[in-house]
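**Q** Just so we're aligned: 200 in the UniProt record's numbering is position 200 of the sequence shown, and the numbers increase by one with no gaps anywhere.
The beta carbon of each residue, even a glycine, is placed where N, CA and C say it ideally should be.
Can you keep this structure in mind? I'll have questions shortly.
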Amino acid sequence: MANPTRWVTDTGPEHSQWYIDRFRKLAAEGADLGGEARLVDALVAPGSRILDAGSGTGRVGAALAQRGHTVVGVDADPALVAAARADYPGPTWLVADLAELDLPALGEAEPFDAAVLAGNVLAFVAVGTEPEVLRRVAAHLRPDGVLAVGFGTERGYPLTAFDADAVAAGLRVEQRFATWDLRPWRDDAPFAVSILRRPAD
């Protein structure tokens, strides 16, 4: 990893275990943890190949796998990946920095029909690597593949910069919502869910 992610630099050494415990508790309590997966599932054909980029503890990728998709999840934090492997067998869970993402080198050469960056992933990558993360993820999509991205609008990455970086990565911004359950976008929304596409031509 060339630069430490903000997940490392902006949190304490016990943060990962706290995060794992938090989502295990929520799952045990029956909390709805599949909102992002429902949206992504609606964007793709049955049995699609989906990249869960910044997969964390695996909740989004696992929900997509339960819906019949082939899922590869990637996260830079080995503790989160270990938790995903323990809690959600089935998908492929890999440790990798999204700013250096090269899945063919890890044995995953087939392109993806869709990718998702949920849970404020772009707020936790290394400072300044957001353009490269988008470029690397876009490169793993097949032509006409779709990318769903959600993050807080006050987390240090302005939407104007995100939109410019997406275009530079070869993606087209198709839609934007204020939540994963498709509440209408407004300029003062504290969260943005953007649907991007890699053009077919």
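Taking the DSSP output, what are the residues bridged to ILE20?
**A** Answer by DSSP bridge pairing: none, since ILE20 is not bridged.
**Q** Quick test of your reading: ALA76 and THR57, contact by CB under 8 Å. State the CB separation rounded to the nearest angstrom.
**A** Incorrect: roughly 13 Å between the Cβ atoms, too far for contact.
**Q** Please classify VAL121 as buried or exposed, where buried requires at least 16 other C-beta atoms within 10 Å of its C-beta.
**A** With 16 or more other Cβ atoms within 10 Å, it is buried.
**Q** Measure the C-alpha to C-alpha separation of GLN175 and ALA168 and round it to an integer number of angstroms.
**A** Answer to the nearest angstrom: the Cα atoms are 17 Å apart.
**Q** If you draw a straight line from the alpha carbon of ASN3 to that of LEU141, how long is it in whole angstroms?
**A** ASN3 and LEU141: Cα-Cα distance of roughly 24 Å.
**Q** Does DSSP put PRO199 in a helix, in a strand, or in coil?
**A** Note: PRO199 maps to coil in three-state DSSP.
**Q** Would ASP52 and VAL116 be called neighbours here (beta carbons separated by less than 7 Å)?
**A** Yes.
**Q** Tell me which residues share the same chain as GLY47 and place their Cβ nearer than 8 Å to its Cβ, disregarding the 5 neighbours each side in the sequence.
**A** Answer for GLY47: GLY68, HIS69, THR70, listed in chain order.
**Q** Which class does THR160 belong to by DSSP, given the choice of helix, strand or coil?
**A** In this structure, THR160 counts as helix in the three-state DSSP scheme.
**Q** In three-state terms, what does DSSP make of residue 213?
**A** Limits of the chain in this structure are 1 at one end and 201 at the other, which puts residue 213 out of reach.
**Q** Put GLY35 into one of helix, strand or coil per three-state DSSP.
**A** If DSSP states are grouped into helix, strand and coil, GLY35 belongs with the helices.
**Q** Am I right that ALA96 and LEU80 are in contact with their C-beta atoms under 8 Å? What's the rounded C-beta distance?
**A** The Cβ separation is near 12 Å, so there is no contact.
**Q** Cβ atoms of LEU159 and ARG198: under 7 Å apart, would you say?
**A** No, Cβ-Cβ distance for ARG198 and LEU159 is not below 7 Å.
**Q** Are the CB atoms of LEU103 and VAL133 nearer to each other than 7 Å?
**A** For LEU103 and VAL133, no; Cβs fall outside 7 Å.
**Q** Suppose you measure from the CA of SER194 to the CA of GLU130; what does that come to, to the nearest Å?
**A** Looking at the two C-alpha atoms, the distance is approximately 15 Å.
**Q** Which residue's Cα is closest to the Cα of GLY145: ALA123, GLN17, LEU196, ALA178?
**A** Considering only alpha carbons, the answer is LEU196.
**Q** Closest by CA to GLY150, which one among GLU36, ALA86, GLU100?
**A** For the residues GLU36, ALA86, GLU100, the minimum Cα distance to GLY150 belongs to GLU36.
**Q** The alpha helix (DSSP H) spanning VAL81 covers which residue range?
**A** Here the alpha helix (DSSP H) through VAL81 covers 78-87.
**Q** For PRO131, which three-state DSSP category applies?
**A** Residue state, collapsed to three classes: helix.
**Q** Can you tell me which of THR92, TYR88, ILE20 puts its alpha carbon nearest to the alpha carbon of ILE50?
**A** If we check each option's Cα against that of ILE50, THR92 comes out closest.
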